[in-house]
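All remarks here apply to the structure that follows.
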Amino acid sequence: MTQQYFNFSAFPQQRPRRLRKDDFSRRLVREHQLTVDDLIYPCFVLEGKSQREKVTSMPGVERLSIDLLLQEAEIIHKLGIPMMALFPVIPLEQKSLDAAEAFNPDGLAQRAVRALKKAFPDLGVMTDVALDPFTTHGQDGLIDDNAYIINDETVEVLIKQAISHAEAGADVVAPSDMMDGRIGAIRNALENAGHIHTRIMAYSAKYASSFYGPFRDAVGSAGNLAGGNKFSYQMDPANSDEALHEVALDIQEGADMVMVKPGMPYLDVLYRVKQTFQKPTFVYQVSGEYAMLKAATLKGWLGEEVIMESLLAFKRAGADGILTYFAKDIAQKLQR
Ligand code: PBG
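Take the sequence shown: its position 299, counting from 1, is numbered 299 in UniProt numbering, and each next residue is one higher.
Here it is in structure tokens:
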């Protein structure tokens, strides 16, 4: 009986290793590929001139003033990276309860967009639509007396912020705030203002993740976070059906592109979103993922190949593009 199934004297009937033997055949049968076209480069922007500050928890990442940002953009553009994503670092004295600095036409983000689009008209520029850099309490929206983040009042401010970005020339506005109804409200306002070409990349499935820690250090919204967490608007890491629901709403409301964030701990969500909707789907390899991989490679505990492996995983799961702090390094590697 057993012998029928296990004839140990025969050769294996299948030898999947045949195709893995040589580089040429490995290349021929390779299913997924990461190219420079998949990359979006997030950057932290500072006030001032010739200012450059290291982000302690993200070795290799710096906050740059606009003049230095332009130098960085030139490198990014030459490498062929399609788009940069901007995150302003707002001085304490410009933060307030009403987050009015968020829609200042001459605010840091708006000036950075104008400078970039003037110098590199065909480099895509994406902006973050959320109030956390601008509120004294570090939450993404306005709060009531109980420190609850109030939805509809926040959306009114997000609309003004998104319009000010579009007016400055942003190609893509990316609401990362997770308020209800904000994609529809922003789309409507953009259309009414004649900004029919402004693309919306919705942070649709954005989880209440501890992997954002280094980012909050980088933009200085961590120390003062009222309530200590964002559980009342960002998604519960225990849920995944809910992510499909959020994506469906954002698509219905007018998002051109949707996003899952963070990346590696949420590959299942990314896969399901792409399979379900077949929309342009992006993933954010967030600051904490960068910090982990960077720390381990700097220590020599992991080889640098883990970076490419982590990005390929996103392609396999169905990502059309990836926001990653490794974008510049990987684009340089891909050129070689
Ligand atoms: C702010 C925002 C965050 C990130 C992007 N936009 C932080 C947060 O929601 O607390 C995180 C990015 C990263 O960790 O790299 N709305």
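Using N, Cα and C, we set each Cβ at its ideal position, and we do this for glycine too. Just so you know, these numbers come straight off a predicted model, no measurement behind them.
Compare the Cα-Cα distances from residue i to each of the options and report the closest residue.
i, options, result
"residue 119", "270, 70, 99", "70"
"residue 260", "211, 319, 276, 221", "319"
"residue 246", "294, 180, 303", "180"
"residue 399", "212, 237, 329", "What is shown of the chain runs 1 to 336, which leaves residue 399 out entirely."
"residue 321", "302, 177, 130, 201", "201"
"residue 275", "325, 244, 15", "244"
"residue 225", "143, 304, 330, 310", "143"
"residue 323", "127, 195, 109, 166", "127"
"residue 168", "198, 157, 151, 177", "198"
"residue 162", "147, 185, 148", "185"
"residue 205", "160, 254, 165, 263", "263"
"residue 227", "141, 93, 251, 285", "141"
"residue 326", "316, 336, 304", "304"
"residue 92", "253, 183, 221", "221"
"residue 266", "18, 63, 313", "313"
"residue 123", "182, 41, 158", "41"
"residue 255", "239, 203, 207", "203"
"residue 258", "238, 316, 178, 154", "178"
"residue 311", "282, 300, 296, 295", "282"
"residue 57", "96, 295, 300", "295"
"residue 344", "12, 248, 208, 90", "Here the chain comprises residues numbered 1 to 336, so residue 344 is not present and cannot be evaluated."
"residue 97", "65, 110, 121, 131", "131"
"residue 64", "51, 331, 85", "51"
"residue 232", "14, 150, 107", "150"
"residue 62", "280, 153, 328", "328"
At a cut-off of 7 Å, is residue i close to the ligand PBG when judged by its beta-carbon and the heavy atoms of the ligand?
i, result
"residue 228", "no"
"residue 132", "yes"
"residue 286", "yes"
"residue 212", "yes"
"residue 176", "yes"
"residue 128", "yes"
"residue 216", "yes"
"residue 145", "no"
"residue 140", "yes"
Check the DSSP bridge columns for residue i and list the partner residues they point to.
i, result
"residue 34", "Per DSSP, none; premise fails for residue 34."
"residue 278", "Beta-bridge pairing links residue 278 to no other residue."
"residue 174", "128"
"residue 244", "According to DSSP, residue 244 bridges with nothing at all."
"residue 321", "282"
"residue 18", "The partner list for residue 18 (beta bridge, DSSP) is empty, contrary to what the question assumes."
"residue 135", "96"
"residue 200", "173"
"residue 65", "46"
"residue 53", "63"
"residue 116", "Beta-bridge pairing links residue 116 to no other residue."
"residue 85", "42, 126"
"residue 257", "201"
"residue 206", "261"
"residue 149", "143"
"residue 235", "207"
May I ask whether a heavy atom of the ligand PLP can be found less than 7 Å away from the beta carbon of residue i?
i, result
"residue 43", "Only the ligand PBG can be found as ligands here, which leaves the ligand PLP out of the picture."
Three-pair Cβ contact test at 8 Å for the stretch 134–144 versus the stretch 76–85: no
Any 3 or more C-beta pairs closer than 8 Å across the stretch 43–52 and the stretch 21–30: no
Cβ contact check for the stretch 106–121 and the stretch 172–188: 3 or more pairs under 8 Å: no
Segment contact flag, the stretch 188–195 with the stretch 211–221, C-beta cutoff 8 Å, min 3 pairs: no
Sufficient close CB pairs (3 or more, under 8 Å) joining the stretch 61–69 to the stretch 94–106: no
Cβ contact (3+ pairs, closer than 8 Å) linking the stretch 80–96 and the stretch 33–43: yes
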